[in-house]
Amino acid sequence: MSVQFWTWLLVGITFALYFGIAIWARAGSTKEFYVAGGGVSPLANGMATAADWMSAASFISMAGIISFAGYDGSVYLMGWTGGYVLLALLLAPYLRKFGKFTVPDFIGDRYYSNTARTVAVMCALIVSFTYVAGQMRGVGIVFSQFLQIDITYGVLIGMTVVLVFALLGGMKGITYTQVAQYCVLIFAFMVPAFFISFQMTGNIIPQIGMGGKVEGGAFLLDKLDTLHTELGFNEYTSGTKSTWDVFAITLALMAGTAGLPHVIVRFFTVPKVKDARKSAGYALFLIAILYTTAPAIAVFSRTNLIETVSNQRYDEIPVWFKNWENTGLIAWSDKNGDGKIQYVAGNSLSGSKPIYDDARGEHGERIVTNNSDEVNELYVDRDIMVLANPEIANLPNWVIGLVAAGGLAAALSTAAGLLLVISTSVSHDLIKKQLRPNISDKGELLAARVSIFVAIVIAGYFGVNPPGFVAAVVALAFGLAAASFFPAIILGIFDKRMNKEGAIAGMIVGMSLMLYYMMRFKLDMFGGGTSEDWWFGTSPEGFGTIAMCVNFVISIVISRVSVAPPQEVQDMVESIRIPSGAGEAQDH
Amino acid sequence: MNDNQKNASAYWKENVKYLFILLAIWFVVSFGCGILFREELNQFKLGGFKLGFWFAQQGSIYVFVILIFVYVRLMNKLDKKYGYDE
Chain A
1 MSVQFWTWLL
11 VGITFALYFG
21 IAIWARAGST
31 KEFYVAGGGV
41 SPLANGMATA
51 ADWMSAASFI
61 SMAGIISFAG
71 YDGSVYLMGW
81 TGGYVLLALL
91 LAPYLRKFGK
101 FTVPDFIGDR
111 YYSNTARTVA
121 VMCALIVSFT
131 YVAGQMRGVG
141 IVFSQFLQID
151 ITYGVLIGMT
161 VVLVFALLGG
171 MKGITYTQVA
181 QYCVLIFAFM
191 VPAFFISFQM
201 TGNIIPQIGM
211 GGKVEGGAFL
221 LDKLDTLHTE
231 LGFNEYTSGT
241 KSTWDVFAIT
251 LALMAGTAGL
261 PHVIVRFFTV
271 PKVKDARKSA
281 GYALFLIAIL
291 YTTAPAIAVF
301 SRTNLIETVS
311 NQRYDEIPVW
321 FKNWENTGLI
331 AWSDKNGDGK
341 IQYVAGNSLS
351 GSKPIYDDAR
361 GEHGERIVTN
371 NSDEVNELYV
381 DRDIMVLANP
391 EIANLPNWVI
401 GLVAAGGLAA
411 ALSTAAGLLL
421 VISTSVSHDL
431 IKKQLRPNIS
441 DKGELLAARV
451 SIFVAIVIAG
461 YFGVNPPGFV
471 AAVVALAFGL
481 AAASFFPAII
491 LGIFDKRMNK
501 EGAIAGMIVG
511 MSLMLYYMMR
521 FKLDMFGGGT
531 SEDWWFGTSP
541 EGFGTIAMCV
551 NFVISIVISR
561 VSVAPPQEVQ
571 DMVESIRIPS
581 GAGEAQDH
Chain B
1 MNDNQKNASA
11 YWKENVKYLF
21 ILLAIWFVVS
31 FGCGILFREE
41 LNQFKLGGFK
51 LGFWFAQQGS
61 IYVFVILIFV
71 YVRLMNKLDK
81 KYGYDE
């Protein structure tokens, strides 16, 4: 049966499942809406957190990025998992003991100030919106790729689905749909990995296969290093980034992960402090399954790709190559006129995406109009590494359909989690806590639902018309979270003397510094600049580390020269350090 | 300082001590083995992996998972010892 058939079937079944769960887990109160009633088991919460966390980017793009970046890709692997250690040890248990709904709630109460609360809400909204726009785009791309429809319709379908389960169920509905989505996405990710690992190395476990031997007795990684060097790329296992930059990016991603509001709120949904610790452990374990498989897929598909295309005649190339050429993710121009695909280091194009002519070339290839002067003839989009992997390795059609369902599960679960944070920030932290304190439970629930609706429309708009800066900014959402929230929360727990003056100043300076650097070096504002102009040789992705350190220093210095926080706040800090008596996540 | 507070601050001290130890391991496997000293470690091999590269792409993640579960165990014990268990 055809790929189309399997895709429609598997996507249909999984979507029916999500809808069923959303209807079963309808939320009746704000408490159910915000924290799922507080009765989620640690394992279920771990699965939901993992699904929430693993976005379209983790599922579709990460293995591809690592595949092209080699050792440099380690920053994502370590950064996005190591952050959970920080989260589990430094944040989750204490925030659970504090026992309210949101991060701005914690910041507002701990720093006894509505200004601090507002700054935190602003940070949460900026971080969540930049992130969610990218997810909606991801949904659109997966739909259009696999169901052969326009990206716009893909985004619209995605919006409708998220809207239904978010509106009906709130956190409760989302939590249980995410449990289902985790199962779908991890299954879809692992199945092709098992197949390919077995094909290439004879070992079915990809994590071990990655270090295994290929036919002929050489180690796979050594072979790949040799292929890379022969074609003029850097050695796969060495990378190109400076040690400092790798260090800075990894740390920024770790602290950012721990500071991302949609991950933190998940720990408010379990019954006890003990469960918060445990569910962070489950979450990381479940995430690690995908994150240790991704580098293996990266190596397999990189080797496969080079072997299948390098120096092969275009006339004899397998059919997947031409299929993906038709979708615009692969482009070849016969620059030296020998009819063979010459794949070496260097950009084959001027500009980042191929621009096609309607005509076909001599061999039937799509004609590209923006070729560069460099020798390399092949453009390969990174996203292809996961999406086309099953085809490159000749896997059965149902596996290809499964990957589509998995990619959608990943994108939808993350989008839903983020939209919930946005709506909570608006209805709870802005309306209930600041504008209309005596709003009823029902009114607040209505406000939450209205704001989810508005948020989805905005996110969908950016999904259809992605402004150029979205892609750049998504990667930097972590830097923003690291530069703003992370120090304020850590100091709020571990430094009793920290006061509102210090925390507010730290958050504002950290956030502004990060925004400035981002706009200057990513969006070419304020004079722009190249990597020569980077401060201390730090890339914008790694700058979160510096902005975070500045935040820490400013917070501590200012808090020491201004008045100590009031006694009741100091008592509160003492109390969140003790795990017992957490009770349920309280209303107010 | 009454007994309750003494108990609480002793608990907190031990908690912070655990955090230091666990975070030191966290730092050593990721930033240490995976980044700062990877060149040195790459001279050694673990199966087909250069060791530094293995820490950066696989090893540190395994250690992270173990670290959290060790932390859960240590804290559960500590909760019992100080009577904060629920």
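So the protein lines, in turn, are chains A and B. Quick note: the first sequence uses my numbering, first residue 1, plus one each step. Quick note: the second sequence uses my numbering, first residue 1, plus one each step. We treat Cβ as the ideally placed atom computed from N, Cα and C, and that holds for glycine.
Query                                                                                                                             : Result
Simplified DSSP state of residue 534 of chain A, which is helix, strand or coil                                                   : coil
Cα-Cα separation between residue 118 of chain A and residue 487 of chain A, rounded to whole angstroms                            : 17 Å
Interface positions of the region 58-71 of chain B facing chain A (Cβ-Cβ less than 8 Å), listed along the chain                   : 58, 60, 61, 62, 64, 65, 67, 68, 69 and 71
Chain A contact residues for residue 79 of chain B, given Cβ-Cβ distances below 9 Å                                               : 273, 274, 579 and 580
Cβ-Cβ separation, residue 53 of chain A to residue 422 of chain A (assumed contact under 8 Å), whole Å                            : Contact flag wrong, Cβ pair sits at about 17 Å.
C-beta atoms of residue 158 of chain A and residue 127 of chain A nearer than 9 Å                                                 : no
Burial state of residue 13 of chain A, where buried means 16 or more other Cβ atoms lie within 10 Å                               : exposed
Which residues DSSP lists as bridging residue 11 of chain B, in chain order                                                       : Residue 11 of chain B is not bridged to any residue.
Alpha helix (DSSP H) segment containing residue 18 of chain A, residue limits                                                     : 3-24
Enclosing alpha helix (DSSP H) for residue 52 of chain A [first to last residue]                                                  : 42-53
Within chain A, the residues that residue 24 of chain B reaches when beta carbons sit closer than 9 Å                             : Those do not exist, as residue 24 of chain B stays about 12 Å from chain A at its closest Cβ, beyond 9 Å.
Those runs of the beta strand (DSSP E) which lie wholly inside the region 153-200 of chain A and span at least 3 residues         : none
Counted within 10 angstroms of its Cβ, other Cβ atoms place residue 206 of chain A as buried (16 or more) or exposed              : buried
Residue of A:455, A:430 and A:296 minimising C-alpha distance to residue 189 of chain A                                           : A:296
Residues in the region 64-81 of chain A having any Cβ partner in chain B nearer than 7 Å                                          : 71, 74, 77, 78 and 81
Cβ pair count under 8 Å reaching 3, the region 524-542 of chain A against the region 240-255 of chain A                           : yes
Per-residue DSSP class, three states only, for residue 587 of chain A                                                             : Residue confidence is low: residue 587 of chain A scores 41 on pLDDT, short of 50, so the model does not pin down where it sits. Its coordinate-derived value is still stated next. Note: residue 587 of chain A maps to coil in three-state DSSP.
Cβ pair count under 8 Å reaching 3, the region 542-560 of chain A against the region 243-260 of chain A                           : yes
Closer than 9 Å to chain A by CB, residue 28 of chain B                                                                           : no
Separation of residue 476 of chain A from residue 541 of chain A, as counted between CA atoms                                     : 6 Å
Reduced DSSP category for residue 219 of chain A - H, G, I as helix; E, B as strand; rest coil                                    : strand
Close-in-space but distant-in-sequence residues of the same chain around residue 46 of chain B (CB under 6 Å, 5 per side omitted) : 54
Beta-carbon proximity of residue 261 of chain A to residue 485 of chain A, cut-off 9 Å                                            : yes
Given 8 Å, three or more beta-carbon pairs between the region 95-102 of chain A and the region 268-286 of chain A                 : yes
Whole-Å CB distance - residue 420 of chain A paired with residue 142 of chain A, under 8 Å assumed                                : Not confirmed; about 21 Å, so no contact.
Contact with chain A by residue 15 of chain B, beta-carbon distance below 9 Å                                                     : yes
N-terminal and C-terminal residue of the alpha helix (DSSP H) that residue 253 of chain A is part of                              : 243-259
Alpha helix (DSSP H) runs wholly inside the region 84-112 of chain A, at least 4 long, in chain order                             : 92-98 and 103-110
Among A:116, A:109 and A:196, the one whose alpha carbon lies nearest that of residue 390 of chain A                              : A:196
Minimum Cβ-Cβ distance from residue 586 of chain A to chain B less than 9 Å                                                       : The predicted model places residue 586 of chain A with a pLDDT of 48, which falls under 50 and marks its position as unreliable, so this point remains unresolved.
Residues near residue 326 of chain A in its chain [Cβ-Cβ closer than 7 Å; skip 5 each side]                                       : none
Rounded distance between the beta-carbons of residue 514 of chain A and residue 552 of chain A, thought under 8 Å                 : About 14 Å; that fails the 8 Å criterion.
Beta carbon of residue 132 of chain A nearer than 9 Å to that of residue 459 of chain A                                           : yes
Identity of the residues DSSP links to residue 380 of chain A by a beta bridge                                                    : A:330
Start-to-end residues for the alpha helix (DSSP H) that takes in residue 367 of chain A                                           : Note, residue 367 of chain A: premise wrong, no alpha helix (DSSP H); beta strand (DSSP E) at 366-368.
Buried versus exposed call for residue 175 of chain A [16 or more other C-beta atoms within 10 Å across all chains shown]         : buried
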